[in-house]
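The opening residue of the sequence shown carries number 14 in my numbering; numbering runs sequentially from there.
Okay, so here's the structure we're looking at.
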Amino acid sequence: MKHRMNIVIVFTLMVAVLTGCGGSAPPDGEGYVLEKTSTGVLIIDRRIVDAKWNEIIDDYDGDAIVLRTNKIGLKQGQKVRYWLDGGVNTSYPAQAFAKKIQIINEQ
């Protein structure tokens, strides 16, 4: 009986370690939606409304990333957190696939 209990305890600990103890990973980044297309969104590090990337690219010096996603409801100016699915193409703006995008409600 004692041996069986030890196996159960070890198995439980292994599952907890492999699943991260139920916690979620921190986001890979956050920023503001500048543009939304049918295949993704362009996220930049500060809020700009009523502008397009091609209008600001020459003067913009911050971080920018295009995230491939089919998430519905994203709008220009919204603040978001994002988690990446795989690597990042380091072009400018950077490009990646989004695993998850969460809208941040600002007060």
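Even glycine gets a Cβ: it sits at the ideal position worked out from N, Cα and C.
| Asked | Found |
| --- | --- |
| How would you label SER104, buried or exposed, when you count the other beta carbons within 10 angstroms and need 16 or more for buried? | exposed |
| DSSP state of GLU68, grouped into three classes? | helix |
| The beta strand (DSSP E) that contains ALA182, what's its start and end? | Residue 182 lies beyond the residue range present for the chain, which begins at 14 and ends at 120; the question has no answer from this structure. |
| Could you check whether ILE78 and GLY42 sit closer than 8 Å to each other, using their CB atoms as the reference points? | yes |
| Could you tell me the alpha carbon to alpha carbon distance between GLN89 and ALA111, rounded to whole angstroms? | 17 Å |
| Ordered along the chain, which non-local residues of its own chain (more than five positions away) have a Cβ less than 7 Å from that of ARG59? | TYR45, GLY75 |
| DSSP on GLY86, reduced to helix/strand/coil? | coil |
| With DSSP as the reference, please indicate the residues paired to GLY44 in a beta bridge. | VAL93 |
| Tell me which residue opens and which closes the beta strand (DSSP E) that ILE57 is part of. | 53-57 |
| Does the distance from the CB of ILE70 to the CB of LEU87 come in under 8 Å? | no |
| From ASN5 to ILE57, what distance separates their C-alpha atoms? | The chain is shown from 14 up to 120; residue 5 falls before or after that span and cannot be answered. |
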